[in-house]
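There are 2 protein chains.
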Amino acid sequence: MHTNNLPINPLPSWRDGISKKAIIEFVESVTSTDSPNYIPPMDRIAVFDNDGTLWSEKPFYFQMIFALERVKVLADSHPEWRETQPFKAILEDDMEGFLSGGMKALLEVLYATHGNTTTHEFEQIVLEWITSARHPSTGRLYTEMIYQPMLELLEYLQSKGFRNYIVSGGGIEFMRVWVEDVYHIPPEQVIGSSIETKYEMRSEGPVLVRTPKIDFVDDHEGKPVGIQKFIGRQPILAMGNSDGDLQMFQWTAAGKGPRFIGLVHHTDEVREWAYDQNSLVGKLDKALDEANQRGWTVINMQNDWHVIYPGKA
Amino acid sequence: MHTNNLPINPLPSWRDGISKKAIIEFVESVTSTDSPNYIPPMDRIAVFDNDGTLWSEKPFYFQMIFALERVKVLADSHPEWRETQPFKAILEDDMEGFLSGGMKALLEVLYATHGNTTTHEFEQIVLEWITSARHPSTGRLYTEMIYQPMLELLEYLQSKGFRNYIVSGGGIEFMRVWVEDVYHIPPEQVIGSSIETKYEMRSEGPVLVRTPKIDFVDDHEGKPVGIQKFIGRQPILAMGNSDGDLQMFQWTAAGKGPRFIGLVHHTDEVREWAYDQNSLVGKLDKALDEANQRGWTVINMQNDWHVIYPGKA
């Protein structure tokens, strides 16, 4: 299942410092068979937030950008959208107007762009977008805006017998399409928000239809609920970057024995973005306070990471 | 991850015949690297119903027996139950009276016996029951009423790189407590019906509280929905025993390439039970017709299995 060979330097993009040291010490401590903290492989569950933890999330969650761009693609067959909010605002690139619609506008766009397809059709739509769409300011593919140091961490943990799970507020079916290629995390290890699907027998055979109805919101209190639902074990390592991860941190930390909690702090406005308590996307306030109080590892992107994105210093 | 060593006889409790031959031919065909039907390990997903497929389900689903016995345990702290249906009927061993209450009575008993505990407390309650309660007619522990031939099949598939999932109408948290020991299926590979849980911060730390509200019913149309939700891949092998498995069979069979569908037919009134289309529990009618029409493998327990339960011919 996994090798016990520790590469000479398992985390080359991490600068030597407190964060890297804490990670390696924890992993060594729970995987060395002669350690008093030894944890058997079946219990080595690691959970990772996605947006802002494994890839960037600015100017908006990338899945939101997908939805907005999808509105424009679908607009041809919805002429009424030119006169109907929130679609009108999106088609006119009026982000302020769109955001002023609040949760109601968000859900309408979510349902219009994520519902009313079969699961197989939705996979194709996401696959096409994720392999071609480019980020507005970096010009990169979104999958090129994943964090190289976190990739190395995922690989390191996997080599030490951990099973890495994504536990994200993002859409489970949106992520599953590409995370296996990009993070080497298989679809069955992805937990996320979902809309309800319905089994339907059609003339061409059975399909699962994505209905415009929220099934589960995997954020805040939803994260420990999702972890229990999908995994049924308490993780021993959790990484996130925002207040939406706080309950996942608390739930992970509450397990008996050694636990590792890591908080990615966005501090690098030159190479990525710098934001925390005042950010609309990825707000980090209470979780940072609790991390500092409880001695969780706060990863400073500017200081702790040699590189941010793959192939770019 | 797995060995390629085929034991000389991988299914010793299966009599030589069409069913055993079909299983072995399918497994060989999708796992031999020189086969045109080769399927890589990551896609070798096998799904199994539990009640009536991996263990017995008579006179009632065993989880129902757990619930009824639990009512008696809890009755001391609920004196009002002596005068309130459906609890009164249960306390008086009046099964007909209880069943006459229909779905409403069932849900009331489910909520009273499965809700209002934390997840950790519920695990302890189930663990205590499953390791001590005995079946009314066989006197066996319920975990001694699993099917030896299916155990061998699970082990055989696992040795050939399959990942075995349970996909049951039974409660996910009820099963997870014991299936790892009994079937070697880890909790994260168990899909079942669930009630909602709620994250709560208590003075002793965070807990997940089981609330008296249905979250998901993993039966009939719910089975393919649950498979997509939890696994995100279409299985290549499915086994069940009742009409509640029909949609799981259809969904599995609809995948591209070779697929295996197996239907356990309860035909052995001497060693187990014999029932199908007229049974309240494990009703098998439409799925048997469709299996016969489509050439799915119908396993005849009386003819195909040397032994039923472990350690007993």
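Going down the list, the protein sequences come from chains A and B. If you count the first sequence from 1, you need to add 1058 to reach our numbering. If you count the second sequence from 1, you need to add 1058 to reach our numbering. We put the beta carbon where it would ideally sit given N, CA and C, even for glycine.
Contact belief for residue i with residue j at Cβ below 8 angstroms, rounded distance in angstroms
i          : j          : result
GLY1228(A) : GLN1121(A) : 5 angstroms
VAL1267(B) : LEU1321(B) : Wrong, their Cβ atoms sit about 39 angstroms apart, outside the cutoff.
GLY1298(B) : MET1306(B) : 6 angstroms
TRP1331(B) : LYS1116(B) : 5 angstroms
TYR1367(B) : MET1203(B) : 6 angstroms
ILE1400(B) : PRO1264(B) : Given that chain B is displayed from residue 1059 to residue 1371, the structure contains no residue 1400(B) and the question cannot be resolved.
ASP1326(B) : GLN1360(B) : 4 angstroms
VAL1235(A) : VAL1283(A) : Their Cβ separation, rounded to whole angstroms, is 24 angstroms, which puts VAL1235(A) and VAL1283(A) out of contact at 8 angstroms.
HIS1323(A) : ASN1350(A) : Between ASN1350(A) and HIS1323(A) the Cβ distance is about 11 angstroms, and since that is not below 8 angstroms, they are no contact.
PRO1144(A) : VAL1167(A) : 6 angstroms
LEU1149(B) : VAL1129(B) : 7 angstroms
GLU1246(B) : ARG1291(A) : 7 angstroms
GLY1340(A) : GLY1110(A) : 4 angstroms
GLU1279(A) : TYR1257(B) : 4 angstroms
VAL1085(B) : LEU1215(B) : 7 angstroms
Same chain, Cβ closer than 7 angstroms to residue i, neighbours up to 5 away in sequence not counted
i          : result
PRO1293(A) : ILE1103, ALA1104, VAL1105, ILE1285 and THR1310
ILE1289(A) : ILE1103 and TYR1223
LYS1344(B) : ASP1301 and LEU1304
MET1233(A) : ASN1108, ILE1224, SER1226, VAL1248 and GLY1250
ALA1296(B) : VAL1105, MET1306, PHE1307, THR1310 and ILE1319
ALA1080(A) : THR1355
THR1177(B) : GLU1231, THR1255, LEU1266 and ARG1268
ILE1076(A) : none
PRO1244(A) : GLU1238
SER1093(A) : SER1087
Spatial neighbours of residue i in its chain, beta-carbon cut-off 8 angstroms, leaving aside the 5 residues before and after
i          : result
ALA1191(B) : ILE1123, PHE1124, GLU1127, LEU1199 and TYR1200
ILE1097(B) : VAL1088, THR1089, ILE1294, GLY1315 and PRO1316
GLU1210(B) : PRO1068, LEU1069, PRO1070, SER1071 and TRP1072
VAL1240(B) : THR1201 and ILE1204
LYS1078(A) : LEU1069, TRP1072 and ASP1362
THR1175(B) : ILE1183, VAL1267 and ARG1268
Local conformation of residue i per DSSP, three classes
i          : result
GLY1227(B) : strand
GLU1262(B) : coil
ASN1222(A) : strand
SER1077(A) : helix
SER1171(B) : A small fix is needed here, since residue 1171(B) is Thr in this sequence, not Ser. It is helical.
LEU1396(B) : In the structure as shown, chain B starts at 1059 and stops at 1371, and residue 1396(B) therefore has no counterpart that could be examined.
TRP1354(B) : coil
GLU1115(A) : coil
ALA1191(A) : coil
ILE1183(B) : helix
ASN1062(B) : Its pLDDT being 49, under 50, ASN1062(B) is placed unreliably in this model, and the value from its coordinates should be taken loosely. Three-state result, ASN1062(B): coil.
PRO1270(B) : strand
GLY1110(B) : coil
VAL1373(A) : Only positions 1059 to 1371 of chain A appear in the structure, and residue 1373(A) is not among them; the question remains open.
SER1252(B) : strand
THR1196(B) : coil
TRP1331(A) : coil
VAL1275(A) : coil
TYR1205(B) : coil
PHE1257(A) : What sits at residue 1257(A) in the sequence shown is Tyr, not Phe. DSSP places TYR1257(A) in strand when its eight states are reduced to three.
ASP1362(B) : helix
ALA1371(A) : Legend: pLDDT at ALA1371(A) = 43, less than 50; position of this residue unreliable, value from coordinates given subsequently. Coil.
SER1071(A) : coil
Close beta carbons around residue i, own chain, < 6 angstroms, minus the five adjacent residues each side
i          : result
ALA1147(B) : GLY1155 and PHE1156
ASN1095(A) : SER1087, VAL1088 and PRO1316
TRP1139(B) : ALA1133 and PHE1145
VAL1275(B) : SER1251
*Compile a chain-ordered list of the residues in the region 1137 to 1167 of chain B whose CB is closer than 7 angstroms to at least one CB of chain A.*
none
*asked:* Counting only Cβ-Cβ distances shorter than 7 angstroms, please list the residues of the region 1276 to 1292 of chain A near chain B, keeping chain order.
replied: GLU1279, PRO1282, VAL1283, GLN1286, LYS1287, PHE1288, ILE1289, GLY1290 and ARG1291
*Residue ranges of each alpha helix (DSSP H) within the region 1295 to 1327 of chain A, 4 or longer*: 1304 to 1311
*asked:* Can you pull out the residues from the region 1258 to 1271 of chain A whose beta carbon lies closer than 8 angstroms to at least one beta carbon of chain B?
replied: MET1259, GLY1263, PRO1264 and LEU1266
*Cβ-based contacts, 9 angstroms cut-off: residues of the region 1245 to 1256 of chain A near chain B*: PRO1245, GLU1246, GLN1247, VAL1248, SER1252, GLU1254, THR1255 and LYS1256
*Along the region 1075 to 1106 of chain B, what residues have a CB closer than 9 angstroms to any CB found in chain A?*
MET1100 and ILE1103
_Continuous alpha helix (DSSP H) assignments of at least 4 residues falling wholly in the region 1090 to 1166 of chain A_ = 1120 to 1132, 1145 to 1149 and 1153 to 1157
*Please name the residues in the region 1298 to 1312 of chain A whose beta-carbon is closer than 8 angstroms to at least one beta-carbon of chain B, in chain order.*
GLN1305, GLN1308, TRP1309 and ALA1312
_Which residues of the region 1218 to 1244 of chain B have a Cβ closer than 7 angstroms to any Cβ of chain A? Give them in chain order._
ARG1234 and PRO1244
*asked:* Taking beta-carbon pairs under 9 angstroms, can you tell me which members of the region 1170 to 1195 of chain B lie near chain A?
replied: THR1177
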